[in-house]
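So the structure is just underneath, and the comments pick up after that.
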Amino acid sequence: MAEAATLPRNGGAAALLVLHVARIELAAFLRHPLSIFWTLVYPLILFLLMNAIFGRPAAEGTALSYTDYLITGIAMLNVVGTSLFSFVLPLIKLRAQSRLRLLAAMPLPNEAFFAGFAVSRLLVLGAFSGLFLFALSHLAPHGAALSLGRTLSTTAFLVAGAVVFTGLGIVLASVIQRTGTAHAVTNILNVPLIFLSDLFLPTALFPAWMQRIAELSPVYVFVQALREIYTGQMPLAQQSSWMLALLSVGLLLIVWAGRRFGWTPPANG
1 MAEAATLPRN GGAAALLVLH VARIELAAFL RHPLSIFWTL VYPLILFLLM NAIFGRPAAE
61 GTALSYTDYL ITGIAMLNVV GTSLFSFVLP LIKLRAQSRL RLLAAMPLPN EAFFAGFAVS
121 RLLVLGAFSG LFLFALSHLA PHGAALSLGR TLSTTAFLVA GAVVFTGLGI VLASVIQRTG
181 TAHAVTNILN VPLIFLSDLF LPTALFPAWM QRIAELSPVY VFVQALREIY TGQMPLAQQS
241 SWMLALLSVG LLLIVWAGRR FGWTPPANG
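Start counting the sequence shown at 1; every next residue gets the next number (UniProt numbering).
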């Protein structure tokens, strides 16, 4: 993006620009069969498979059945996968192939493009997460049958987390220059995030030393807070503080990474 490009001074014009980019990105996302499968179909298949094998009522004295544990964990897994990884590899590959050079000459600020991209992903994740949480909590055996209010608060918390993970994804895309490096980094990050974050494999099954490692994962910390909201154990004031912090960090990451992102491949290839 040209260095001189900046967001329009008029706030309304800037918002319209972001929404226009979001509409284009959303349409592109929904036209891509693989995007639809991995974001909307795969989480449902994974839940049905895991719940059919391991689903059971909540143990005495606990607020969460394995079904509810799985609903929240897979919803979180979907947020991480879609917002952190689904955009990084294609963007880095397109830049390495010099297919983004035209965008460098357009009067579209980096911040507007990435803000629009983030909005498009958040719309998809928010709508799907809300339906996923509400429908499965009511239809799946041993589900908690969430109220509409609890569904909305849990979904809002997930979306706030998705802002952070989208920002981190754009940071990766702005820092990593080569496709091979991007594949390596995303695989290195993805495996521990999936298996060591208490998403669908309880860390209580791990050795003590591995549990301590898992508890260092930011995804682990987030999903524990998510489950508190899901079961109604987190006060509204605490939830609001969490969301304010998440939104602030996520927006800062998106703006910072967007400003330093280059549309052309590195000179040394």
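Even for Gly, the Cβ is constructed at its ideal location relative to N, Cα and C.
Buried versus exposed, by CB contacts within 10 Å (16 or more), residue i
i           : result
V18         : buried
P43         : buried
M76         : buried
residue 284 : The first residue shown for the chain is 1 and the last is 269, placing residue 284 beyond what the model contains.
A115        : buried
T62         : exposed
F37         : exposed
A4          : Model confidence at A4 stands at a pLDDT of 40, short of 50, so the residue's coordinates are unreliable and nothing is read from them.
V41         : exposed
I45         : exposed
S83         : buried
G262        : exposed
I53         : exposed
Under the three-state DSSP convention, the category residue i falls into
i    : result
I176 : coil
L253 : helix
D198 : coil
T264 : coil
S137 : helix
M234 : coil
T62  : coil
E215 : coil
R31  : coil
P43  : helix
A115 : helix
A145 : coil
F165 : helix
F206 : coil
M106 : coil
Proximity to residue i [Cα-Cα], best of the options
i    : options                : result
T231 : G149, V21, F114, A214  : G149
T237 : V163, F157, R178       : The residue asked about is misnamed: residue 237 is Ala in this sequence, not Thr. It is F157.
R212 : A184, L196, R259       : L196
P218 : T82, G180, L168        : L168
N51  : L139, R31, S174        : L139
T39  : A58, I74, L48, P57     : I74
S153 : M234, A27, P33, I24    : M234
K93  : S240, V221, R178       : R178
H32  : L49, S86, N78, G81     : S86
S137 : F47, S241, G262, P207  : F47
V221 : W209, L91, W242, V191  : W242
V21  : T203, G262, P109, L216 : P109
V79  : I53, L199, M106        : L199
P192 : P57, A27, G81          : G81
L26  : W209, F113, M106       : F113
Contact set for residue i: own chain, Cβ-Cβ below 7 Å, skip 5 residues either direction
i    : result
V171 : L253, A257
F29  : S35, S120, V124
V255 : E111
L246 : A160, G161, V163, V164
Cβ neighbours of residue i in the same chain (closer than 6 Å, five flanking residues each side left out)
i           : result
L89         : A182
A2          : Because the pLDDT at A2 is just 39, under 50, the model does not fix this residue reliably, and the value given afterwards should be weighed accordingly. So the list is empty, once near-sequence residues are dropped.
G250        : V163, V164, G167
A118        : T166, I254
residue 270 : Any answer about residue 270 is impossible in this case: the structure gives the chain only from 1 up to 269.
R260        : S174
Nonlocal neighbours in the same chain, by C-beta distance under 8 Å from residue i, ignoring five residues either side
i    : result
R9   : Confidence at R9 is low in this model, with a pLDDT of 49, below 50, so its placement is unreliable and the value that follows should be read with caution. Correct list: empty, nothing qualifies.
T264 : R95, S98, L100, R101, A104
T155 : G126, S129, G130, L133
L201 : F195
Mind the definition here: the region 217-228 touches the region 136-151 only if three or more C-beta pairs lie below 8 Å; say whether that holds.
no
Is there contact between the region 51-69 and the region 184-191, where contact requires at least three CB pairs shorter than 8 Å?
With contact defined as three or more Cβ pairs closer than 8 Å, the region 51-69 and the region 184-191 are not in contact.
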